[in-house]
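Okay, so here's the structure we're looking at.
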Amino acid sequence: MTSRDWQADRRAVFDRDDHTCRHCGAVGDATDPTDCRTHPVGAAPLDGTVHESALVTVCTDCFASFSSSTPRSSAAPDPPSSREALFDYVRETTRTQGGAISDVASFASLATSLPTTLAESEAAGDAEPDAGTGADAGQPGADETAAKYRRIRQDVLLAIDIADARLERLAAIDEAAFDADVRSSVEAFSASATDLQSTLRTVVERSETVLAGLERCHGCFDALEGDRCSTCRLETRETADWERESGEMAFDRLFAAINDELQDASTTTEDLTDRATALAARLSDD
Ligand SMILES: [Zn+2]
Ligand SMILES: [Zn+2]
Numbered sequence: 000m001t002s003r004d005w006q007a008d009r010r011a012v013f014d015r016d017d018h019t020c021r022h023c024g025a026v027g028d029a030t031d032p033t034d035c036r037t038h039p040v041g042a043a044p045l046d047g048t049v050h051e052s053a054l055v056t057v058c059t060d061c062f063a064s065f066s067s068s069t070p071r072s073s074a075a076p077d078p079p080s081s082r083e084a085l086f087d088y089v090r091e092t093t094r095t096q097g098g099a100i101s102d103v104a105s106f107a108s109l110a111t112s113l114p115t116t117l118a119e120s121e122a123a124g125d126a127e128p129d130a131g132t133g134a135d136a137g138q139p140g141a142d143e144t145a146a147k148y149r150r151i152r153q154d155v156l157l158a159i160d161i162a163d164a165r166l167e168r169l170a171a172i173d174e175a176a177f178d179a180d181v182r183s184s185v186e187a188f189s190a191s192a193t194d195l196q197s198t199l200r201t202v203v204e205r206s207e208t209v210l211a212g213l214e215r216c217h218g219c220f221d222a223l224e225g226d227r228c229s230t231c232r233l234e235t236r237e238t239a240d241w242e243r244e245s246g247e248m249a250f251d252r253l254f255a256a257i258n259d260e261l262q263d264a265s266t267t268t269e270d271l272t273d274r275a276t277a278l279a280a281r282l283s284d285d
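The following block contains the structure:
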């Protein structure tokens, strides 16, 4: 790709998002192209022209929070090094994950409603969604559903990525700065939080499988043919595990699995809350 293509992609993404960070809501300066950054979500290939469904706008601060996974980056914020900073950090991490849980629940609810919604809009004679252009104001229906799907999926993936980056940084705290009780509390908290992350990812993956079952791309929502989307180049989710012998999608079984995972997520959340509370109590000791 040329850097010009990439620039064009980015500008379209910033315009779509009103130059507003999709994580924290910070509004960037539309006249300063360095004031906003893009973050890739999902697994669409990032070479060549990147489809807008695979990119979200983030502010420079939120962008820097991802730098924890690249140690050579000087933009990466340091892990918390005082009791007070650790307390705030854990509280903020819990809040980030709380946001991710509610995003995932909305995403699952939207995905599981799609077989009915799409059947209804087809029956009503709606047009196919436009290739990647998003909702057209004058054309509610299938286009609107597609735009809503893309948006909520981006929010979900961004929230999960941010929580991952925060947990990574928490794992990098200076052991010498905290006593053993605090460290073991942090480990217990991180273990639950990591469990929750993996459950949330499973819910997202299964919700995306609903799209594959409807022969739509789980990234951009366009109609699918073959095992790679021709619009955003995302690889199709495998549906074989969720098909009846007739080859028809067993949506009921898939939906039940999604609900089970959501139930697991809520059990893990209770556990996580207990551990966060225990850690907070240790940090406010003495
Ligand atoms: Zn932000
Ligand atoms: Zn696609």
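Mapping to numbering that gives the first Met the number 0: the sequence shown position 256 is 255, numbers consecutive.
Just so it is clear, CB atoms sit at the ideal spot from N, CA and C, and this is done for glycine as well.
Buried/exposed call for residue i, threshold 16 Cβ in 10 Å
i, result
"Arg281", "buried"
"Pro79", "buried"
"Cys61", "buried"
"Ala53", "buried"
"Gly162", "The sequence given here has Ala at residue 162, not Gly. Flag for Ala162 reads buried."
"Ser64", "buried"
"Ser206", "buried"
"Glu269", "exposed"
"Arg292", "Absent from the model: residue 292. The displayed extent of the chain is 0 to 285, so no value can be given."
"Ala118", "exposed"
"Leu45", "exposed"
"Arg94", "exposed"
"Glu237", "exposed"
"Glu247", "exposed"
"Thr115", "exposed"
"Glu91", "exposed"
"Arg10", "exposed"
"Ala110", "buried"
Cutoff 8 Å; reference residue i; Cβ partners in own chain excluding five residues on either side
i, result
"Thr235", "Ala211, Cys216, His217, Leu223, Gly225, Asp226, Arg227 and Cys228"
"Asp102", "Ile151, Asp154, Val155 and Ala158"
"Val40", "Ala53, Leu54, Val55, Arg152, Gln153, Leu156, Leu157 and Asp160"
Beta-carbon contacts of residue i that lie in its chain and below 7 Å, excluding the five residues immediately before and after
i, result
"Arg200", "Ile159"
"Ala249", "Trp241, Glu242 and Arg243"
"Asp180", "Arg281"
"Leu278", "Val89, Ser184, Val185 and Phe188"
"Thr193", "Leu166"
"Leu261", "Ala104, Ala107 and Val202"
"Ala256", "Arg205"
"Ala130", "Only weak support exists for where Ala130 lies, its pLDDT of 46 falling under 50; the value from the coordinates is given anyway. Contacts found: Asp221 and Thr230."
"Glu214", "Ala222 and Leu223"
"Gln96", "Ala162, Ala192 and Leu195"
"Thr267", "Ser191, Asp194, Leu195 and Thr198"
Close Cβ partners of residue i (< 6 Å) along its chain, the five nearest in sequence each way excluded
i, result
"Thr69", "A caution first: Thr69 carries a pLDDT of 49, below 50, which makes its placement in the model unreliable, though a value can still be read off. Hits under 6 Å: none found."
"Asp273", "none"
"Thr19", "Val26"
"Asp263", "Thr198"
* **Touch test, the region 28-37 against the region 143-157, Cβ-Cβ under 8 Å, three pairs minimum** => no
Item to check | the region 180-193 touching the region 7-25, judged by at least three CB pairs closer than 8 Å | outcome: no
Scan the region 22-62 and note each continuous alpha helix (DSSP H) run of 4 residues or more that stays entirely inside, going in chain order. none
Q. Which whole runs of the alpha helix (DSSP H) in the region 223-283 are 4 residues long or more, in chain order?
A. 250-283
| Mind pulling the alpha helix (DSSP H) runs of 4 or more residues that sit fully within the region 155-220? | 179-212
Please list, following the chain, all residues that have a C-beta closer than 5 Å to any non-hydrogen atom of ligand 2.
Cys216, Gly218, Cys219, Cys228, Thr230, Cys231 and Leu233
Closer than 6 Å to ligand 1: residues, by C-beta to nearest heavy atom, in chain order: Cys20, His22, Cys23, Ala25, Val57, Cys58, Asp60 and Cys61
Entirely within the region 74-125 and at least 3 residues each: give me those beta strand (DSSP E) ranges in chain order. none
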